[in-house]
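For what it's worth, my numbering labels the leading residue of the sequence shown as 258, then goes sequentially.
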Amino acid sequence: MVVVMKRALSRAAAAGAAAVLAVSLTAQPASAADTWRKVDLPFLWPTARLYKMEAVASDQVWIAGRQGYICWQPVPLVPCVVHSHGNPVVRRWDGARWREYPLLGWNDQGAIWQLAAGGGETWIYGGFDWKYLAKFNGWAFEPASPPAGENVIALRGGPAGVWAVTHKSGAESLYRRANGSWTRAELPAALRYVNDVEARTPTDVWAVGQTQPGRGVGGVREVPAIAHWDGSSWTSIPAHTESGSDARLLHVAPVGPGEVWAATARSLLHWNGTSWTEIPGPPGTAGIHDLITDDAGTPWVVTQRAPTPFGLFRYADGAWEEVELAPDSVVSGLAVVPGTGAMWAFGRTGSSPAVWRDS
258 MVVVMKRALS RAAAAGAAAV LAVSLTAQPA SAADTWRKVD LPFLWPTARL YKMEAVASDQ
318 VWIAGRQGYI CWQPVPLVPC VVHSHGNPVV RRWDGARWRE YPLLGWNDQG AIWQLAAGGG
378 ETWIYGGFDW KYLAKFNGWA FEPASPPAGE NVIALRGGPA GVWAVTHKSG AESLYRRANG
438 SWTRAELPAA LRYVNDVEAR TPTDVWAVGQ TQPGRGVGGV REVPAIAHWD GSSWTSIPAH
498 TESGSDARLL HVAPVGPGEV WAATARSLLH WNGTSWTEIP GPPGTAGIHD LITDDAGTPW
558 VVTQRAPTPF GLFRYADGAW EEVELAPDSV VSGLAVVPGT GAMWAFGRTG SSPAVWRDS
């Protein structure tokens with residue numbers, strides 16, 4: 258569930274890229290990797306993994322995950338004989354080093370799966386039973402009640418504050434954190450299931466998902482849906498297609514007023530305010546795992562593909578370019594520091610978690 262925050266930047270560059278319809282499906286040399294460098298992590302127990310990253314400022318880059326996961330199987334494909342869900346990982350980069358903060362009320366095993374920051378607040382969510390929701394108070398994370406007592410399934414943050422996707426009795430809802438409380442969003446009827454919420458400004462927010470809960474269920478045609486929030490109300494936006502296999506919208510990245518990039522499981526999409534342009538994903542794409550735009554408005558995606566678990570690509574000048582940050586590295590997610598264009602990435606090198614920054 259790796260969700261990461263996408264930030265909007267140059268409209269002109271993004272529009273120029275989307276206008277190119279002759280897409281090259283051959284990955285170009287990874288020259289974009291030349292400016293990336295690894296950021297050393299603090300000590301973590303073995304079998305550690307990072308699942309989320311949130312970049313608020315150059316001295317507020319958060320990561321979340323777990324460490325110390327154990328599953329000893331004397332014979333493959335049998336249940337674990339010795340098993341531990343591990344312990345949570347939450348760290349903040351302060352511009353010079355990683356800082357750790359207490360998780361008050363934590364009495365569980367497992368990971369911190371969700372992390373979001375916006376409107377001056379930072380929230381986390383996780384635990385083996387998915388019940389630990391907490392807000393940062395400046396020195397520690399304090400447990401908090403979920404919106405309307407519902408089950409939180411996703412958190413998103415950005416210039417418009419923190420958003421929570423919840424689930425109860427088979428239905429999903431979207432809540433916005435404002436003035437110290439949660440307010441339920443009145444979404445258009447078509448957007449019943451939300452997969453991503455991203456903001457360019459406090460009055461330019463996009464939410465994507467689908468009408469039906471298909472999410473890859475065999476025989477269920479997926480009906481994509483997208484909506485825009487202007488700071489006071491939501492408006493439905495025409496989707497790229499009515500329905501189809503892998504048609505649901507999974508990710509969104511606003512670029513400028515009325516302009517946005519989005520992604521399905523296998524395609525990148527660009528909305529120019531009036532129509533959609535669809536761009537097939539990089540060769541071998543089995544799923545698009547993350548989407549952001551850089552300071553030039555260029556979209557970057559993390560894809561699932563064989564033989565490696567994930568691949569990092571950017572789409573520029575009508576072609577996909579694969580970016581390898583380091584030998585034996587796998588990128589799981591991306592983040593952009595608002596107002597700076599500085600990009601961060603997280604994943605692993607070999608079997609160890611890793612973080613990189615574009616400097």
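Even for Gly, the Cβ is constructed at its ideal location relative to N, Cα and C. Keep in mind the model is a prediction, meaning the values are calculated, not measured.
Whose C-beta lies closer than 6 Å to the C-beta of residue i among residues of the same chain, with five residues either side of it excluded?
{"i": "T542", "result": "R523, T560, R562"}
{"i": "P566", "result": "V587"}
{"i": "A599", "result": "none"}
{"i": "V462", "result": "A417, A456, W486"}
{"i": "P299", "result": "W355"}
So the beta strand (DSSP E) residue i belongs to, where does it begin and stop?
{"i": "S609", "result": "609-615"}
{"i": "H546", "result": "544-550"}
{"i": "V594", "result": "Element bounds for V594: n/a, residue is neither H nor E."}
{"i": "V339", "result": "339-341"}
{"i": "R478", "result": "Per DSSP, R478 belongs to no beta strand (DSSP E) and is neither H nor E."}
{"i": "R349", "result": "344-350"}
{"i": "Q366", "result": "Taken as a continuous stretch (DSSP letters only), Q366 belongs to no beta strand (DSSP E), as it is neither H nor E."}
{"i": "G414", "result": "Element bounds for G414: n/a, residue is neither H nor E."}
{"i": "D461", "result": "461-467"}
{"i": "G322", "result": "317-324"}
{"i": "R523", "result": "Where R523 is concerned, there is no enclosing beta strand (DSSP E), given that its DSSP letter is neither H nor E."}
{"i": "R434", "result": "428-435"}
{"i": "R509", "result": "According to the sequence provided, residue 509 is Val. The question's Arg does not apply to it. 508-513 is the span of the beta strand (DSSP E), which, as asked, contains V509."}
Mind checking whether residue i and residue j have CB atoms under 8 Å apart?
{"i": "T423", "j": "P404", "result": "yes"}
{"i": "A510", "j": "E455", "result": "yes"}
{"i": "G228", "j": "G325", "result": "Residue coverage of the chain in this structure runs from 258 to 616, which leaves residue 228 outside it and unanswerable."}
{"i": "G437", "j": "G375", "result": "no"}
{"i": "A373", "j": "V593", "result": "no"}
{"i": "S616", "j": "G604", "result": "no"}
{"i": "I406", "j": "G384", "result": "Note that residue 406 is Gly in the sequence shown, not Ile. Going by C-beta atoms, G406 is not nearer than 8 Å to G384."}
{"i": "T440", "j": "Y432", "result": "yes"}
{"i": "I545", "j": "A504", "result": "no"}
{"i": "A611", "j": "K309", "result": "no"}
{"i": "V465", "j": "L412", "result": "no"}
{"i": "D317", "j": "R348", "result": "Per the sequence shown, the amino acid found at residue 317 is Gln instead of Asp. Contact flag unset, no."}
Beta-carbon within less than 7 Å of residue i's beta-carbon, same chain only, minus the 5 sequence neighbours each way: which residues are those?
{"i": "T460", "result": "D487, G488"}
{"i": "W329", "result": "C337, V338, V339"}
{"i": "H497", "result": "P481, L526, W533, E535"}
{"i": "T597", "result": "S315"}
Quick one: what's got a C-beta closer than 8 Å to residue i's C-beta in the same chain, skipping five residues either side?
{"i": "G501", "result": "R478, E479"}
{"i": "L361", "result": "A391, A397, F398, E399, P400"}
{"i": "S281", "result": "Caution is warranted here: a pLDDT of 39 is assigned to S281, below 50, making its placement in the model unreliable, and the coordinate value is therefore given only provisionally. So the list reads G575, A576, W577, once near-sequence residues are dropped."}
{"i": "P286", "result": "Bear in mind that a pLDDT of 44 at P286, under 50, signals an unreliable position, so the number given afterwards is only what the model happens to contain. The residues are E578."}
{"i": "P359", "result": "W396, A397, F398"}
{"i": "P331", "result": "V338"}
Below 8 Å on the Cβ atoms is my contact criterion, and I expect residue i with residue j to pass it. Report the Cβ-Cβ distance as a whole number of Å.
{"i": "Y382", "j": "W363", "result": "Not a contact, Cβ separation roughly 12 Å."}
Inset, instruction - Report yes or no: do the region 562-577 and the region 524-541 share at least 3 C-beta pairs separated by less than 8 Å? - result: yes
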